[in-house]
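**Student:**
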Amino acid sequence: MRFDPPFNQATLIKRYKRFLVDVDCGNGQLKTIHCPNTGSMRNCIESESRCWYSLSDNKKRKYPETLEIVTTPSGHLAGVNTSRANKLVAEAIGDGVIRELRSYSSIKPEIKCPELDSRIDFLLTGHKRDPRECYVEVKSVTLLGDGGETENQQIKEGRGFFPDSVSERGTKHLKALMNLVDRGKRAVIFYCVQHSGIESVSPADRIDKIYGETLRKAVAQGVEVLSYRAEISDREIRLTRPLPIIL
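Everything in the sequence shown is counted per the numbering used here, starting at 849 for the first residue and increasing by one.
(1) Taking the continuous beta strand (DSSP E) assigned at T859, which residues delimit it?
(2) Starting from G1018, trace the alpha helix (DSSP H) in both directions and tell me its first and last residue.
(3) Closest by CA to S953, which one among P979, K960, Y864?
(4) Please go through the same chain and pick out, in chain order, the residues whose beta-carbon is closer than 7 Å to the beta-carbon of W900, but skip the five residues on each side of it.
(5) Nearest to E1056 by CA position, among F1038, A1068, I959, G1018, is which residue?
(6) With H, G and I counted as helix, E and B as strand and the rest as coil, what does DSSP make of G876?
(7) Answer with buried or exposed for Y1039, where buried requires no fewer than 16 other C-beta atoms within 10 angstroms of its C-beta.
(8) Please classify L903 as buried or exposed, where buried requires at least 16 other C-beta atoms within 10 Å of its C-beta.
(9) If you measure between the beta carbons of Y1076 and P1092, is that distance less than 8 Å?
(10) Got a sec? Which residues, its chain only, sit under 7 Å from L925 by beta carbon, not counting five neighbours each side?
(11) Closest by CA to D1012, which one among L991, F867, A1078?
(12) Would you grab the beta carbon distance between M889 and I1085 for me? Rounded to a whole angstrom, and I think it's under 8 Å.
(13) Using the beta-carbon count (16 or more within 10 Å), is G923 buried or exposed?
(14) Hey, L972 and L949: beta-carbon distance below 8 Å or not?
(15) Rounded to the nearest angstrom, what separates E999 and K862 at their Cα positions?
(16) Report the rounded CA-to-CA distance for F970 versus L878, giving the unit in angstroms.
(17) Determine the DSSP secondary structure at I1080, reduced to helix, strand or coil.
(18) Quick check: what's the CA-CA separation for V896 versus L1095?
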């Protein structure tokens, strides 16, 4: 996913009201921009750090700028626009980067699932050897360290976690994937890591114990877990390599 023009650089001042961020664009120019992240953004936001934002040409938007990349307290880069995760995964599937999801002839986004009030992110069909429909649910991962006593060591080791706040919706998605497996489908939970310091992904049991328990149950029942990390810059974000899952 290339950006032309590249993102604009600024200094992050503070996040507030969940969806707003104040930034300093230099020369005394302060702006309030949109923060497209519904999570806690734990261990991502640091005042007086470099950040990058995009500019929309939609004249109807009250806040035309969108926060895209932040510099974390540990000095890494994190892509905080969660709406980009699905696009990154779709692009990586299409380019054959995700070897576990190769050989499908069709990819359809936002598929209605009977088990959910909403939709599953992707449906893959037409595999050369596997006739099963493959459903893929994507989650964006930006949490490095889970806030426990060993957090400093986790940060050194690159231990990433999901979710960064209690996610009843995330648990509901896992249960839907389990139901799909019971119906003979292939089901995948995909952790899209937009954080340059994360080297593995685990369920954040300290933050959402129920999600962790449900994930382990889902894996035991046949739901597949994949995780790939993105390379991040102001000009391009793209998934490049798989990361281990530590359950």
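Cβ atoms here follow ideal geometry from the backbone N, Cα and C, with glycine treated the same way.
**Tutor:** In terms of the structure at hand:
(1) 856-864
(2) 1016-1030
(3) P979
(4) F855, N856, Q857, E916, I917, D1082
(5) According to the sequence as given, residue 1056 is Asp; it is not Glu. Among F1038, A1068, I959, G1018, the Cα nearest to that of D1056 belongs to G1018.
(6) coil
(7) buried
(8) exposed
(9) no
(10) I917, T919, S1044, I1080
(11) L991
(12) M889 to I1085, Cβ: 17 Å. No contact.
(13) exposed
(14) yes
(15) 23 Å
(16) 39 Å
(17) strand
(18) Note on residue identity: the sequence assigns Glu, not Val, to residue 896. One C-alpha to the other measures close to 35 Å.
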